[in-house]
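J.: Have a look at this one.
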Amino acid sequence: MTPKQLIKTILSTCQDLASEGLVTFFNSQIEVAAGERTIVTYPNRTGSTTRVLPFGSLEQYLAWLRNCEFTCLLFDHSLIRVSYECAGDAILGHNLLYWPCPVEFADHVDDWRDLTDAIEIYLKSPSEAGEIFTMTLRSPMRFDFDPGRDGEDHPLVHLHSQFRDTRIHVHQPMCFQAFIKMIFRTFYASKWHKYAFIGQFHEQKISHNPGEWEPTAHYLQLYWT
Amino acid sequence: MNWNQDFDVVYGSSQQSRVVLNDLASQLRDAGIKGTFYIGYPVMASADSSLTVDALLASQTPGLVAFHFFEEGQNYQEAQDRLFYVLESNLARHESLRTGRKLGVVVNIVSIFPEGQVPEDTIDDYLVASPNNIQHVLDNAVGIQDEYLYRKLCAAIQRVTTIKPSKKRQNVQRADSKGSVLRKIEKDIANLDRWQKSAAIETPEGPQRIRGLAGSGKTVVLALKAAYLHTQHPDWNIAVTFYTRSLYQQFRDLIERFTLEHMGDMPDWQKLHIVHSWGSSASEGLYSIACDAVNISPINYVSAKNRYGSVRAFAGVCDELAAVLKGKQLDVYDVVLIDEAQDLPQSFFRIVDAIIKQPKRIIWAYDELQNLSDAGMASTPELFGRDLSLINAPNSPQQDIILPVCYRNTPWALTLAHALGFGLFREANLVQHFDEPSLWMDIGYVVESGHLEEGQQVTLVRAPHSYPHFYSSLLEPSDALVSATFNSNDEQYAWIAEQVERNIKEEELDPDDILVILPNAISQKDEYLSLRRHLDSRGLTSNLAGVTNDRDIFSQSGSITVSGIYRAKGNEAPMVYMANSHYCSVGHEMIRLRNILFTGITRSRGWVRLTGVGAEMEMLQKEIDQVVGSDYKLKFRIPTQPELESVRQINRDRTAHERSQIRKAEKSLEEILELMRSGVISPDAMPQLNAIFREIKIRKSDE
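Chains A and B, in that order, give the protein sequences. Numbering-wise (the working numbering), the first sequence opens with residue 82 and increments by one. Numbering-wise (the working numbering), the second sequence opens with residue 954 and increments by one.
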């Protein structure tokens, strides 16, 4: 899959989800040249400034939301950010983040600007935000496919969760549709059953070790070694 | 604009006696001099010092003259030298005022002595006069022959050229492109007009109201005024506040530029506060500052919205605070300047009134027509809850100023905006109208025929002096204003994307010259995604203002701005696409809907494209055609007061309960229609339907 095809696929998947209200906003992915490779990623409007924020911190979630630096925002304000590293039509790496909304509101909040306002209030004065929402402390999950750094402490495909340096071995890399399927099947079972079209998203094989690829089962699989 | 037309006096603050200065102004006026006479205007400064000139005359004849008032024991020649040096060195910084290595304008200085004390043995270069022989002395001053040089001098004195720098537009190659036209327009808007000068410089000892159409320069005037007062009174606590968040950066830039040029230094932000009216958790606002002053916790937006609903959220919290502040006098500020006052609740003014020192220098600028709700601007006593009148006394700073010239909009766009905003050519009744018909004159119209009286037919046209001359010479009405109706949203967005691409690639506009407005606040994100698909497919980068970028930023270089109507307020762009205009064509809250249309159209500095979909757009198109077909003349009948009351009632904003009732009724009607079509119910069996028809008929005949 070429970078342009990949961008188109991500966009059309987001549009399909948005048409059912499962995604409330999405950005167009962009191409960024990296030597002979191309990174397909979300718009990065603030450069590296938000990357220095602690992994999984409320400040980081707030900054990405406020600057609209994500691929798409789910109906419950959970955030999805994906980047793929491509060369020609091959996918050489990925970085797929699913960040469940870290707060739960007393009332439904339509506008994510209200959400950022509320989080700002919390960061300034936690007691004041008590009447608006409760913290759920759900950790972000980032699935990395990073062949260049494959090693004993750095599995080829791994999951970051809770801690920046925790790498849980994951069976195989995922295309965008497989990632979306995994999210809905694992975390939103009722939606998964209600919206059958999600299960029908066409998946692309990402060859990370030719000959060993198997169809994914769309739920989180962890292989411990 | 005829630069030699009038003699204007701008009343700033000066140490000199007002009587003496007024007398000097009278003498100059009586001498037939044309120009501007500044009293206490801080026109110039050197790099390391600032100076207020008591009186300065900018004219072609007798030229640029600074007046120095002799004080006992003073060496008048030294005083003149200092004044001369400061003025000349400052003016010489302006390239356009230089001729070769020299300043192209002669700085004349006249020292005024008390009667009988004028020195007799003077050197030629030092002009001296007594209050009674000023005219005679001015014959020796060196005037400015070149009108172009004179205009540049006026711009330099007023600081507008540097305060509002125009884009360089280096990509412009063709003389006939839109980019080229824009370059000419931006170059021409440099000087303040006489009304703007007064509004910016004159500050009465008490409240002041500045009324003006969209694009009449209210924000620039308030920024200049804030900077002027700050430089004149560095110890004063001054606040500038507003409704639209993205105005923050605009105010900061304007005030910074002016103060930097005038004082040679940055403003002291500890004394000059630019604050949003409410504020957020991250930044303070005037409301939260007032809360701090009485040691109560400010209510945040999310809580307020839960408590009062989104429309009344700010009014609700202001009402609460105003009740706490009632009868209190807290000396927090010396001056408060309020922009977009039409959008702020009445109780906000009472809060300001409570936290400002005597003599209550509250300055508020507004445009009633830009209000996005149906609430009219309250009278001054209503605003402050006390007896307060605004007086325009002769030879004094004015308390009630109208800015009648609209620089931003073409006369055609503005006329259309008024016609649609008021619903003058709707098939149904008009939507709204001024209580006082004479306000049409105040906002720059003249009566071509008929009478500007209640119940009378009238034909109004934009007065020639109400817009800059360059619009007629640089733009064609047929291109300045285009409207189009489409069968579907997708078709509409495809057309907009195609036009935008042409604007950039062929017509030499920059992406950030283009603004697409989406009028429906609720659906704007979805609509943006649909539009962006078409923009993306043409490689056009866009931002949804305040959503995909920082909420304090409106437009970004290299990107087309798409914006909801609330965020677009207070901002402008040369090319405006008012998409989904049909949203404002018909509905239950017509005042709000038509004000949205008015606000959207008046964001344009050059070209407007009104687009929409379906039968509702076709209805709006008919109204547009009437305005265009009548050559932008507004021919209509002025409503009587009872009629006005009736349309206000019909077109008012609905409460949440009423909205819910309307939604239910609409749904029931749709169900009835569906059941009739499917043969389940017969209309004859439902007498209620006949009752509805009868009611509609009666109402139509009443209209």
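Even for Gly, the Cβ is constructed at its ideal location relative to N, Cα and C. For clarity, every value in this text was computed on a predicted model and none was experimentally measured.
At a Cβ threshold of 8 Å, is V963 (chain B) touching chain A?
T.: Within the second sequence, numbered from 1, the residue matching residue 963 (chain B) stands at position 10. Cβ-Cβ to chain A under 8 Å: no for V963 (chain B).
J.: Rounded to whole angstroms, what's the CA-CA distance from G1582 (chain B) to F1551 (chain B)? Just pull it up for me.
T.: Here residue 1582 (chain B) corresponds to residue number 629 of the second sequence, with the count starting at 1. Here residue 1551 (chain B) corresponds to residue number 598 of the second sequence, with the count starting at 1. Their Cα atoms are separated by approximately 19 Å.
J.: Whole angstroms are fine: how far does the CA of H1089 (chain B) sit from the CA of S1064 (chain B)?
T.: Position 111 of the second sequence, counting from 1, holds the residue named residue 1064 (chain B). Position 136 of the second sequence, counting from 1, holds the residue named residue 1089 (chain B). One C-alpha to the other measures close to 13 Å.
J.: Is DSSP giving S206 (chain A) helix, strand or coil here?
T.: As a position in the first sequence, residue 206 (chain A) is number 125, starting the count at 1. Of the three classes helix, strand and coil, the one that applies to S206 (chain A) here is coil, per DSSP.
J.: Alpha carbon to alpha carbon, how far is T1075 (chain B) from E1155 (chain B)?
T.: Within the second sequence, numbered from 1, the residue matching residue 1075 (chain B) stands at position 122. Within the second sequence, numbered from 1, the residue matching residue 1155 (chain B) stands at position 202. One C-alpha to the other measures close to 36 Å.
J.: Output needed for Y170 (chain A): all residues of its chain with C-beta closer than 7 Å, excluding positions within five of it in sequence on either side, in chain order.
T.: Locating residue 170 (chain A) in the first sequence gives position 89, where the first residue counts as 1. Reading off the sequence, residue 170 (chain A) comes out as Asp, not Tyr. Answer for D170 (chain A): M82 and T83, listed in chain order.
J.: Could you tell me how far apart the beta carbons of Y123 (chain A) and E150 (chain A) are, in whole angstroms, since I believe they sit closer than 8 Å?
T.: The residue labelled residue 123 (chain A) in the question sits at position 42 within the first sequence. The residue labelled residue 150 (chain A) in the question sits at position 69 within the first sequence. With a Cβ gap of about 6 Å, Y123 (chain A) and E150 (chain A) count as contacting.
J.: Under a Cβ-count criterion, where at least 16 other Cβ atoms within 10 Å of its own Cβ denotes burial, should P135 (chain A) be classed as buried or exposed?
T.: Translated into the one-based positions of the first sequence, residue 135 (chain A) becomes position 54. Counting Cβ neighbours within 10 Å, P135 (chain A) comes out exposed, since fewer than 16 surround it.
J.: Identify whether T1115 (chain B) lies in helix, strand or coil by the three-state DSSP scheme.
T.: Counted from its first residue, the second sequence places residue 1115 (chain B) at position 162. Reliability of the predicted coordinates at T1115 (chain B) is poor, the pLDDT of 46 falling under 50, and no value is obtained from them.
J.: Please confirm whether N1502 (chain B) has its beta-carbon closer than 8 Å to some beta-carbon of chain A.
T.: The residue labelled residue 1502 (chain B) in the question sits at position 549 within the second sequence. So yes, N1502 (chain B) belongs to the interface.
J.: Using three-state DSSP, classify L1297 (chain B) as helix, strand or coil.
T.: On the second sequence, residue 1297 (chain B) is found 344 positions in, with the first residue counted as 1. Residue state, collapsed to three classes: coil.
J.: Taking T105 (chain A) as the query, report the chain B residues whose CB atoms sit under 8 Å from its CB, ordered along the chain.
T.: As a first step, residue 105 (chain A) must be located in the first sequence, where it is residue number 24. Chain B residues near T105 (chain A): K1478.
J.: Find out if the Cβ-Cβ distance for the pair M1531 (chain B), G1376 (chain B) is shorter than 8 Å.
T.: The residue you call residue 1531 (chain B) lines up with position 578 of the second sequence. The residue you call residue 1376 (chain B) lines up with position 423 of the second sequence. No; because the gap between Cβ atoms is not below 8 Å, this pair is not in contact.
J.: Hey, how far is the Cα of D1353 (chain B) from the Cα of E1158 (chain B)?
T.: Your numbering for residue 1353 (chain B) matches position 400 in the second sequence. Your numbering for residue 1158 (chain B) matches position 205 in the second sequence. In a straight line, the C-alpha of D1353 (chain B) is about 13 Å away from that of E1158 (chain B).
J.: What would DSSP say about R1314 (chain B), mapped onto helix, strand or coil?
T.: Residue 1314 (chain B) sits at position 361 when you count from the first residue of the second sequence. In the structure shown, R1314 (chain B) sits in a strand (DSSP, three-state: E or B).
J.: Should L1177 (chain B) be labelled buried (16 or more other beta-carbon atoms within 10 Å of its own) or exposed?
T.: In the second sequence, the residue the question calls residue 1177 (chain B) occupies position 224. L1177 (chain B) is buried by the Cβ-count criterion.
J.: Quick check: the Cα distance between R1147 (chain B) and V1358 (chain B), rounded to an integer number of angstroms?
T.: Here residue 1147 (chain B) corresponds to residue number 194 of the second sequence, with the count starting at 1. Here residue 1358 (chain B) corresponds to residue number 405 of the second sequence, with the count starting at 1. Answer to the nearest angstrom: the Cα atoms are 10 Å apart.
J.: So is T333 (chain A) buried or exposed if we call it buried at 16+ other beta carbons inside 10 Å?
T.: For chain A, the structure presents residues 82 to 306; residue 333 (chain A) sits outside this window and is missing.
J.: Buried or exposed: which applies to V1633 (chain B), given that a residue is buried once 16 or more other Cβ atoms fall within 10 Å of its Cβ?
T.: Locating residue 1633 (chain B) in the second sequence gives position 680, where the first residue counts as 1. Counting Cβ neighbours within 10 Å, V1633 (chain B) comes out exposed, since fewer than 16 surround it.
J.: How about N1190 (chain B): is its C-beta nearer than 8 Å to some C-beta of chain A?
T.: Your numbering for residue 1190 (chain B) matches position 237 in the second sequence. False, the Cβ-Cβ gap to chain A never drops below 8 Å.
J.: Look at L1135 (chain B) and D1466 (chain B) and say whether their C-beta atoms are less than 8 Å apart.
T.: Indexing the second sequence from 1 puts residue 1135 (chain B) at position 182. Indexing the second sequence from 1 puts residue 1466 (chain B) at position 513. Cβ atoms of L1135 (chain B) and D1466 (chain B): closer than 8 Å.
J.: Less than 8 Å between the C-beta atoms of L1009 (chain B) and Y1029 (chain B), yes or no?
T.: Translated into the one-based positions of the second sequence, residue 1009 (chain B) becomes position 56. Translated into the one-based positions of the second sequence, residue 1029 (chain B) becomes position 76. No; because the gap between Cβ atoms is not below 8 Å, this pair is not in contact.
J.: Using C-beta distances below 6 Å, list every residue in its chain close to W305 (chain A), excluding the 5 sequence neighbours before and after it, in chain order.
T.: Residue mapping note: residue 305 (chain A) aligns to position 224 of the first sequence, counting from 1. A caution first: W305 (chain A) carries a pLDDT of 44, below 50, which makes its placement in the model too unreliable to give a value.
J.: Where V1270 (chain B) and F1302 (chain B) are concerned, what is the direct C-alpha to C-alpha distance, given to the nearest angstrom?
T.: The count along the second sequence starts at 1 and reaches residue 1270 (chain B) at position 317. The count along the second sequence starts at 1 and reaches residue 1302 (chain B) at position 349. So the alpha carbons of these two residues sit roughly 13 Å apart.
J.: If we count the other Cβ atoms within 10 Å of its Cβ and call it buried at 16 or more, is Y964 (chain B) buried or exposed?
T.: In the second sequence, residue 964 (chain B) corresponds to position 11, counting from 1. By the 10 Å Cβ count, Y964 (chain B) comes out buried.
J.: Would you mind stating whether I120 (chain A) and S164 (chain A) have Cβ atoms separated by less than 8 Å?
T.: Numbered from its first residue, the first sequence carries residue 120 (chain A) at position 39. Numbered from its first residue, the first sequence carries residue 164 (chain A) at position 83. Yes. Within cutoff.
J.: Output the distance between the C-alpha atoms of D1129 (chain B) and E1461 (chain B), rounded to the nearest integer angstrom.
T.: For this step, residue 1129 (chain B) is matched to residue 176 along the second sequence. For this step, residue 1461 (chain B) is matched to residue 508 along the second sequence. Whole-angstrom Cα-Cα distance: 10 Å.
J.: Specify the secondary structure class of W1560 (chain B) as computed by DSSP and reduced to three states.
T.: Position 607 of the second sequence, counted from the start, is the residue given in the question as residue 1560 (chain B). Correct three-state label for W1560 (chain B): strand.
J.: DSSP three-state call for G1338 (chain B): helix, strand or coil?
T.: Your numbering for residue 1338 (chain B) matches position 385 in the second sequence. Looking at G1338 (chain B) - three-state DSSP - the assignment turns out to be coil, as it is neither helix nor strand.
J.: Taking D1489 (chain B) as the query, report the chain A residues whose CB atoms sit under 7 Å from its CB, ordered along the chain.
T.: Position 536 of the second sequence, counting from 1, holds the residue named residue 1489 (chain B). Those are S109, listed as they occur along chain A.
J.: Beta-carbon separation of C1244 (chain B) and S1236 (chain B) under 8 Å?
T.: Position 291 of the second sequence, counting from 1, holds the residue named residue 1244 (chain B). Position 283 of the second sequence, counting from 1, holds the residue named residue 1236 (chain B). No, the pair does not count as a contact, with Cβ atoms beyond the cut-off.
J.: Between the Cα of Q1098 (chain B) and the Cα atoms of B:P1472, B:S1516 and B:G1016, which residue gives the shortest distance?
T.: As a first step, residue 1098 (chain B) is located in the second sequence; it is residue number 145 there, counting from the start. Nearest option by C-alpha distance: B:G1016.
J.: According to DSSP, is Y1481 (chain B) helix, strand or coil?
T.: Indexing the second sequence from 1 puts residue 1481 (chain B) at position 528. In the structure shown, Y1481 (chain B) sits in a helix (DSSP, three-state: H, G or I).
J.: What separation, rounded to the nearest whole angstrom, lies between the Cα atoms of S1431 (chain B) and A1366 (chain B)?
T.: Taking the first residue of the second sequence as 1, we reach residue 1431 (chain B) at position 478. Taking the first residue of the second sequence as 1, we reach residue 1366 (chain B) at position 413. Cα to Cα, S1431 (chain B) sits roughly 11 Å from A1366 (chain B).
J.: Using beta-carbon positions only, say whether H241 (chain A) and R248 (chain A) come within less than 8 Å of one another.
T.: Reading the first sequence from its first residue, position 160 is the one you call residue 241 (chain A). Reading the first sequence from its first residue, position 167 is the one you call residue 248 (chain A). In contact: H241 (chain A) and R248 (chain A) (Cβ atoms closer than 8 Å).
J.: So, is the C-beta of P291 (chain A) closer than 8 Å to a C-beta in chain B?
T.: Residue mapping note: residue 291 (chain A) aligns to position 210 of the first sequence, counting from 1. Reliability fails at P291 (chain A), whose pLDDT of 40 lies under 50, so the model's placement of it is uncertain and the value that follows must be treated cautiously. So no, P291 (chain A) is outside the interface.
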